[in-house]
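A short worksheet on the structure shown next.
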Amino acid sequence: GAGVSQTPSNKVTEKGKYVELRCDPISGHTALYWYRQSLGQGPEFLIYFQGTGAADDSGLPNDRFFAVRPEGSVSTLKIQRTERGDSAVYLCASSPGKVSPLHFGNGTRLTVT
Amino acid sequence: SQKIEQNSEALNIQEGKTATLTCNYTNYSPAYLQWYRQDPGRGPVFLLLIRENEKEKRKERLKVTFDTTLKQSLFHITASQPADSATYLCASQGSLNRDDKIIFGKGTRLHILP
């Protein structure tokens, strides 16, 4: 069946611009996670949703980062006034519930020039 | 704060030997640990999950242990093959009651040498 889909796969933007990254989770998965991964590092937690609500957003670096999941399915990670330090691979994962594996997409590679 | 540490950044193992990777955690007691494999340019792929009340879990050539006294999990690949070369990530969640987030270690890059 279909896995987690992330679009776009690559995004190049200029410093100061606004970007949106989209995640389509596996149908029926209630939990959705966003991570950021830099080269040679593990995934860094940003935010996770249970249904429509953000259960934990403690990993968002600052108020330029925001994520929504209005209908409990698709999620969008929004970054305002992008900075070069935001360049990384942004990974999305979904899970059917507690004590369940995460199913990852292949990420969006964001490059801020 | 909760921390997961993985043994080393890169590990070279001769083909056919057993590869052993280490994951240590501090400042909390995870309800379970997970291991993932990540290939370049791809998202992590789930391999095994072990709960705090389980000592050992196996799946084909893979084995994972969980020692709550040492605060450590070991991940073993027996009869290693060049195709096992990848980065392996350890992940955990804290208390299920608190619905804690899942955090990852930095990962260990494994190279199986032919």
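If you read the protein sequences in the order shown, they are chains A and B. Our numbering puts the first sequence at residues 14 to 126. Our numbering puts the second sequence at residues 1440 to 1553. Every residue gets a Cβ at the ideal spot worked out from N, C-alpha and C, and that includes glycine.
Open item on the list: Pull the bridge partners of L73 of chain A from the DSSP assignment, please.
Closed with: Answer is none; L73 of chain A lacks a bridge partner.
TODO: Could you spell out the range, first to last residue, of the beta strand (DSSP E) harbouring H1550 of chain B?
DONE: 1547-1552
Open item on the list: I'd like the span of the beta strand (DSSP E) that includes I1541 of chain B, first residue to last.
Closed with: 1541-1543
Open item on the list: So if I threshold CB-CB distances at 9 angstroms, which residues from the region 1448-1476 of chain B count as touching chain A?
Closed with: E1448, A1470, Y1471, Q1473, Y1475
Task: Neighbourhood of L104 of chain A by C-beta distance below 7 angstroms, restricted to the same chain and skipping five residues each side - done: Y48, Q50, P56, F117, G118, G120
- [ ] Please report the Cβ distance between A80 of chain A and L90 of chain A, rounded to the nearest whole angstrom; I am assuming they are in contact, meaning their Cβ atoms lie under 8 angstroms.
- [x] 5 angstroms
TODO: Please classify A1522 of chain B: does DSSP put it in a helix, a strand, or coil?
DONE: helix
Open item on the list: Strictly under 8 angstroms for the Cβ-Cβ distance: is P83 of chain A near chain B by that measure?
Closed with: no
Open item on the list: So that I know if they touch, is there some Cβ in chain B lying closer than 8 angstroms to that of V25 of chain A?
Closed with: no
Task: Sequence-distant residues of its chain with Cβ nearer than 7 angstroms to P1553 of chain B (five each side left out) - done: E1454, P1521
- [ ] Taking R1497 of chain B as the reference, give the member of B:L1487, B:S1531, B:E1491 with the closest Cα.
- [x] B:L1487
Open item on the list: Just to make sure I have the definition right: I need the residues of chain B whose C-beta is within less than 7 angstroms of the C-beta of L115 of chain A. Which are they?
Closed with: F1485, I1541
Task: Close Cβ partners of V32 of chain A (< 7 angstroms) along its chain, the five nearest in sequence each way excluded - done: K24, T26, I92, T95, L123
TODO: Could you have a look at D1569 of chain B and say whether DSSP puts it in helix, strand or coil?
DONE: A question about residue 1569 of chain B goes unanswered here, because the residues of chain B that appear run from 1440 up to 1553.
Task: Interface positions of the region 100-113 of chain A facing chain B (Cβ-Cβ less than 7 angstroms), listed along the chain - done: L104, K111, V112
Task: Limits of the beta strand (DSSP E) - the one that T1461 of chain B falls within - done: 1458-1465
TODO: Could you name the residues of the same chain whose beta carbon sits closer than 8 angstroms to that of L1450 of chain B, not counting the 5 residues immediately before and after it, in chain order?
DONE: A1458, L1460, T1547, R1548, L1549, H1550
Open item on the list: Could you compute how far the alpha carbon of I1516 of chain B sits from the alpha carbon of K1494 of chain B?
Closed with: 17 angstroms
Open item on the list: Quick check on this structure: which residue in B:N1466, B:K1545, B:F1514 has the alpha carbon closest to the alpha carbon of E1499 of chain B?
Closed with: B:F1514
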